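Numbering (our numbering), first residue to last: 7 to 212.
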Amino acid sequence: MTHPIKAALAMALTASVGLAGPGFAGGDAVGGSPITFVPPLVLPFVGPEAPGGVASAAGTQAIVDSLNAANRFCAAVPQSVYAIDCMSERLEAVARSMPQSGDYADARAALLDASAKLHKLATDNAAAGVPRVTMRSSDAGGIRTTRPLVPVDAAVLSAVGEQAAEVLAELETVLLRSGEASATRRGHYDRIAVAAGSNKVLLRSL
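1. Rounding to the nearest angstrom, what Cα-Cα distance links Val136 and Ser204 in this structure?
2. Cβ of Pro84 versus every heavy atom of the ligand ADP: is any distance shorter than 7 Å?
3. Given this structure, state the Cα-to-Cα distance separating Gln106 from Val60, to the nearest angstrom.
4. Given Pro28, which residues of its chain have a CB within under 6 Å of its CB, disregarding the five upstream and five downstream residues?
5. Using a threshold of 8 Å, state whether the C-beta atoms of Arg114 and Glu168 are closer than that.
6. Distance, Cα to Cα, Glu98 vs Val200?
7. Using a 10 Å radius around the Cβ and a threshold of 16 neighbouring Cβ atoms, would you call Glu186 buried or exposed?
8. Any chance you could list the alpha helix (DSSP H) runs of at least 4 consecutive residues sitting entirely within the stretch 151-200, in chain order?
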């Protein structure tokens, strides 16, 4: 059975390409037009200048919701070759919305590190001749990916997806160990680790 969101996004992509003429053109993508799709990302904080302090149930829930939204966001991409760098970009977006200090600082650093590793996997295995595209949500004032996404060569996508899943497994381990260092934040880091690790399923399915 076709996923209804993915089907809708595929139609949106077809319409976008059709309006642009042959191939990809226009928009603010590098060599391609933006893909319109949902859902928007739920950002827990306003940025690195946000107060750090002690982890809270509300703050942790917002991070978990954002990581779960990243999974839905990247799973709905009509062309799976973009999924790995999509996950990289979404992890970075979540991390950069978090405070640089306080209880969430180690989690922020771990997410940024995993994001960088996923992006390197994508760029090291990039598909030749396939455009990098910027994606945006279709709702009014919706979010846009902070950079164009790198497509992975379809011939190696499955293998690279396994490597990407290992990056998330490592991220999950780092988060769990970081939580063990403090009784105050242990439960919070456990929840973030589970949410981050759940994205392995998507990457292993490529």
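For every residue, glycine included, the Cβ atom is placed at its ideal position computed from N, Cα and C.
Computed from a predicted structure; not experimentally measured.
In short:
1. As a working mapping, residue 136 is identified with position 130 in the sequence shown. As a working mapping, residue 204 is identified with position 198 in the sequence shown. One C-alpha to the other measures close to 28 Å.
2. As presented, the structure is devoid of all ligands, the ligand ADP included, so that no description of it is given.
3. Within the sequence shown, numbered from 1, the residue matching residue 106 stands at position 100. Within the sequence shown, numbered from 1, the residue matching residue 60 stands at position 54. About 12 Å.
4. Numbered from its first residue, the sequence shown carries residue 28 at position 22. Because Pro28 carries a pLDDT of 22, less than 50, the predicted location of this residue cannot be relied on, and no value is offered for it.
5. The sequence position of residue 114 within the sequence shown is 108, counting from 1. The sequence position of residue 168 within the sequence shown is 162, counting from 1. No.
6. As a first step, residue 98 is located in the sequence shown; it is residue number 92 there, counting from the start. As a first step, residue 200 is located in the sequence shown; it is residue number 194 there, counting from the start. Take the alpha-carbon of Glu98 and the one of Val200: they are about 17 Å apart.
7. Along the sequence shown, one-based indexing puts residue 186 at 180. It counts as exposed.
8. You should have 163-186.
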